[in-house]
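Asks: Okay, here's the structure, questions in a sec.
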Amino acid sequence: MDDIEDDIDQDQDLSTISSDGKKKRLFTKEIRCMLYGFGDDQSSYTETVDLMEDLLVQYITDMTMQAMNVGKKGRVHVEDIVYLIRKDPKKYARVKELLTMNEELKKARKAFDAESYGE
73 MDDIEDDIDQ
83 DQDLSTISSD
93 GKKKRLFTKE
103 IRCMLYGFGD
113 DQSSYTETVD
123 LMEDLLVQYI
133 TDMTMQAMNV
143 GKKGRVHVED
153 IVYLIRKDPK
163 KYARVKELLT
173 MNEELKKARK
183 AFDAESYGE
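Heads up: take any position in the sequence shown, counting from 1, add 72, and you land on this note's numbering.
Listed below in C-alpha coordinates is the structure:
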(Lines of atoms letter the chains of each structure in order from A and count residues from 1; the text may use other names and numbers.)
(Lines give C-alpha, C1' and ligand atoms only; values in the text may rest on other atoms or scores of the structure.)
Protein backbone atom coordinates (compact mmCIF):
# COMPACT_ATOMS: atom_id res chain seq x y z
CA MET A 1 0.00 0.00 0.00
CA ASP A 2 2.87 2.38 0.76
CA ASP A 3 4.23 1.86 -2.77
CA ILE A 4 0.97 3.10 -4.27
CA GLU A 5 0.97 6.16 -2.02
CA ASP A 6 4.60 6.87 -2.93
CA ASP A 7 3.73 6.65 -6.63
CA ILE A 8 0.81 9.03 -6.16
CA ASP A 9 2.99 11.51 -4.25
CA GLN A 10 5.68 11.29 -6.94
CA ASP A 11 3.10 11.81 -9.72
CA GLN A 12 1.81 14.92 -7.96
CA ASP A 13 5.34 16.26 -7.61
CA LEU A 14 5.99 15.78 -11.34
CA SER A 15 2.75 17.34 -12.55
CA THR A 16 2.44 21.03 -13.28
CA ILE A 17 0.25 22.75 -10.71
CA SER A 18 -1.22 26.16 -11.48
CA SER A 19 -1.59 28.96 -8.94
CA ASP A 20 -5.20 27.99 -8.16
CA GLY A 21 -4.10 24.47 -7.14
CA LYS A 22 -5.39 22.64 -10.23
CA LYS A 23 -3.26 20.67 -12.66
CA LYS A 24 -2.17 22.82 -15.56
CA ARG A 25 -3.18 21.11 -18.78
CA LEU A 26 -0.60 21.66 -21.52
CA PHE A 27 -1.78 19.38 -24.33
CA THR A 28 -5.59 19.49 -24.14
CA LYS A 29 -6.18 20.99 -27.58
CA GLU A 30 -3.73 18.65 -29.31
CA ILE A 31 -5.09 15.56 -27.56
CA ARG A 32 -8.67 16.48 -28.50
CA CYS A 33 -7.61 16.82 -32.14
CA MET A 34 -5.75 13.51 -32.05
CA LEU A 35 -8.69 11.70 -30.46
CA TYR A 36 -11.00 13.10 -33.13
CA GLY A 37 -8.52 12.09 -35.82
CA PHE A 38 -8.52 8.54 -34.48
CA GLY A 39 -12.32 8.32 -34.56
CA ASP A 40 -13.56 9.79 -31.29
CA ASP A 41 -16.43 12.27 -31.15
CA GLN A 42 -15.53 15.86 -32.05
CA SER A 43 -16.15 16.91 -28.45
CA SER A 44 -14.37 14.25 -26.39
CA TYR A 45 -15.16 13.81 -22.72
CA THR A 46 -13.01 16.04 -20.55
CA GLU A 47 -12.21 13.04 -18.34
CA THR A 48 -10.88 11.14 -21.36
CA VAL A 49 -8.68 14.03 -22.45
CA ASP A 50 -7.40 14.55 -18.90
CA LEU A 51 -6.58 10.85 -18.54
CA MET A 52 -4.76 10.81 -21.88
CA GLU A 53 -2.80 13.89 -20.85
CA ASP A 54 -1.86 12.33 -17.51
CA LEU A 55 -0.61 9.22 -19.35
CA LEU A 56 1.28 11.35 -21.87
CA VAL A 57 2.99 13.49 -19.25
CA GLN A 58 3.92 10.39 -17.25
CA TYR A 59 5.37 8.72 -20.37
CA ILE A 60 7.38 11.81 -21.31
CA THR A 61 8.64 12.13 -17.73
CA ASP A 62 9.65 8.45 -17.57
CA MET A 63 11.42 8.57 -20.94
CA THR A 64 13.26 11.75 -19.99
CA MET A 65 14.41 10.29 -16.68
CA GLN A 66 15.61 7.12 -18.42
CA ALA A 67 17.39 9.18 -21.09
CA MET A 68 19.16 11.18 -18.40
CA ASN A 69 20.43 7.93 -16.87
CA VAL A 70 21.56 6.50 -20.22
CA GLY A 71 23.34 9.43 -21.82
CA LYS A 72 26.00 11.86 -20.79
CA LYS A 73 25.35 14.06 -17.80
CA GLY A 74 23.55 17.27 -18.56
CA ARG A 75 21.13 17.58 -21.44
CA VAL A 76 19.08 14.83 -23.03
CA HIS A 77 20.08 14.27 -26.66
CA VAL A 78 18.11 12.77 -29.53
CA GLU A 79 20.49 9.81 -29.58
CA ASP A 80 19.52 9.00 -25.97
CA ILE A 81 15.84 8.72 -26.92
CA VAL A 82 16.65 6.68 -30.04
CA TYR A 83 18.72 4.33 -27.87
CA LEU A 84 15.81 3.83 -25.47
CA ILE A 85 13.29 2.96 -28.18
CA ARG A 86 15.61 0.89 -30.37
CA LYS A 87 13.86 -2.39 -29.48
CA ASP A 88 10.36 -1.13 -30.37
CA PRO A 89 10.18 -1.34 -34.19
CA LYS A 90 7.13 0.93 -34.59
CA LYS A 91 8.48 3.72 -32.41
CA TYR A 92 11.96 3.39 -33.87
CA ALA A 93 10.67 3.62 -37.45
CA ARG A 94 8.51 6.63 -36.61
CA VAL A 95 11.37 8.46 -34.90
CA LYS A 96 13.68 7.78 -37.85
CA GLU A 97 10.97 9.05 -40.23
CA LEU A 98 10.46 12.23 -38.21
CA LEU A 99 14.20 12.88 -37.93
CA THR A 100 14.64 12.41 -41.69
CA MET A 101 11.71 14.75 -42.37
CA ASN A 102 13.19 17.31 -39.99
CA GLU A 103 16.50 17.24 -41.88
CA GLU A 104 14.68 17.67 -45.20
CA LEU A 105 12.77 20.66 -43.81
CA LYS A 106 16.01 22.24 -42.55
CA LYS A 107 17.58 21.86 -46.00
CA ALA A 108 14.50 23.31 -47.71
CA ARG A 109 14.44 26.30 -45.34
CA LYS A 110 18.15 26.87 -45.86
CA ALA A 111 17.72 26.78 -49.64
CA PHE A 112 14.73 29.12 -49.43
CA ASP A 113 16.62 31.56 -47.19
CA ALA A 114 19.63 31.50 -49.51
CA GLU A 115 17.35 32.16 -52.47
CA SER A 116 15.52 34.98 -50.67
CA TYR A 117 18.70 36.73 -49.54
CA GLY A 118 20.37 36.21 -52.92
CA GLU A 119 17.85 38.43 -54.69
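Positions of the beta carbon are idealized from the N, C-alpha and C atoms, including for glycine.
Quick caveat, the model's predicted, so the values are computed rather than measured.
Helix, strand or coil for K179? Go by DSSP, reduced to three states.
Replies: K179 falls in the helix class under three-state DSSP.
Asks: Is the beta carbon of I103 sitting closer than 8 Å to the one on V121?
Replies: Going by C-beta atoms, I103 is nearer than 8 Å to V121.
Asks: Check for me: the alpha helix (DSSP H) holding G111 runs from which residue to which?
Replies: Unbroken run through G111: none, as it is neither H nor E.
Asks: For L86, name the three-state secondary structure that DSSP assigns.
Replies: A caution first: L86 carries a pLDDT of 47, below 50, which makes its placement in the model too unreliable to give a value.
Asks: Nearest to T100 by alpha carbon, out of L171, F110 and D126?
Replies: Minimum Cα distance to T100 is reached at D126.
Asks: Under a three-way DSSP split, which group does K95 fall into?
Replies: K95: strand per DSSP, three-state reduction.
Asks: Quick one: grab the DSSP three-state call for Y117.
Replies: In the structure shown, Y117 sits in coil (DSSP, three-state: anything other than H, G, I, E or B).
Asks: Have a look at D112 and M173 and give me their C-alpha separation to the nearest angstrom.
Replies: When rounded, the distance between both Cα atoms is 28 Å.
Asks: Ordered along the chain, which non-local residues of its own chain (more than five positions away) have a Cβ less than 7 Å from that of Q114?
Replies: Around Q114: Y108.
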